[in-house]
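In full-length UniProt numbering, the protein residues as written are 1 to 207.
Where is the CB? At the ideal position from N, CA and C, for every residue including glycine.
All of these numbers come straight from a predicted model, not from anything done at the bench.
Structure first, then comments.
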């Protein structure tokens, strides 16, 4: 006789009761029902009754334990209307391997309007306020434009008194992203990843 667990006959099996279905759902670490039926077809689980398992309601434990954070939608156009209106900033590091000059941090700055990117290599986080203020003074003079908004995470290098006082004196609005939500400063986060991947690729090609 043909095996009753063959794919052609699985649909002819008796339907498991609701209590049986959810009992095996819990036994198999809250496995989804399609996979449970697939295990049955292939006779993989010892003791699994030859019944068709159907989900008749949602599992509250699965909803809680398997919940995923909703992704942020990608913006197709910049939020700003001109250069330097909004700058995204992030400090990457420490890198596992220092540069020849002993630097292991990278301060990344991206203009929201043009997507132009500046990189500054630092030996320590403590250099961030001085390098940042020097950059802002230079870029504003060079482009004859005023920086209006700076967006960063809540790293201490951006929140200490020195940059805070400078932002206040220049009328710059400092916005910070919510903790564990890098998407709110996603432009510079993605650029950060792009630069790191490019560096790894070039190093790999030279080996």
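Residue 110 places its beta carbon 8 Å or farther from that of residue 93.
C-alpha of residue 97 to C-alpha of residue 108: approximately 18 Å in a straight line. When C-alpha distances from residue 153 are compared across 187, 45, 177, the shortest belongs to 177.
The Cβ atoms of residue 155 and residue 91 sit closer than 8 Å to each other. Residue pairing by DSSP puts residue 108 in a beta bridge opposite 90, 119. Residue 20 sits in a helix when the DSSP states are folded into three classes.
In the same chain as residue 80, and ignoring 5 residues on each side of it, the C-beta atoms closer than 7 Å to its own belong to 86, 112, 113, in chain order. Here residue 153 carries a coil assignment [DSSP, helix/strand/coil].
Sequence-distant Cβ neighbours of residue 162 in its own chain, meaning closer than 7 Å and more than five residues away, are 129. Cβ neighbours of residue 18 within its own chain (closer than 6 Å, five residues either side excluded): 56. Between the alpha carbons of residue 139 and residue 83 lies a distance of about 11 Å. Between the alpha carbons of residue 67 and residue 143 lies a distance of about 47 Å.
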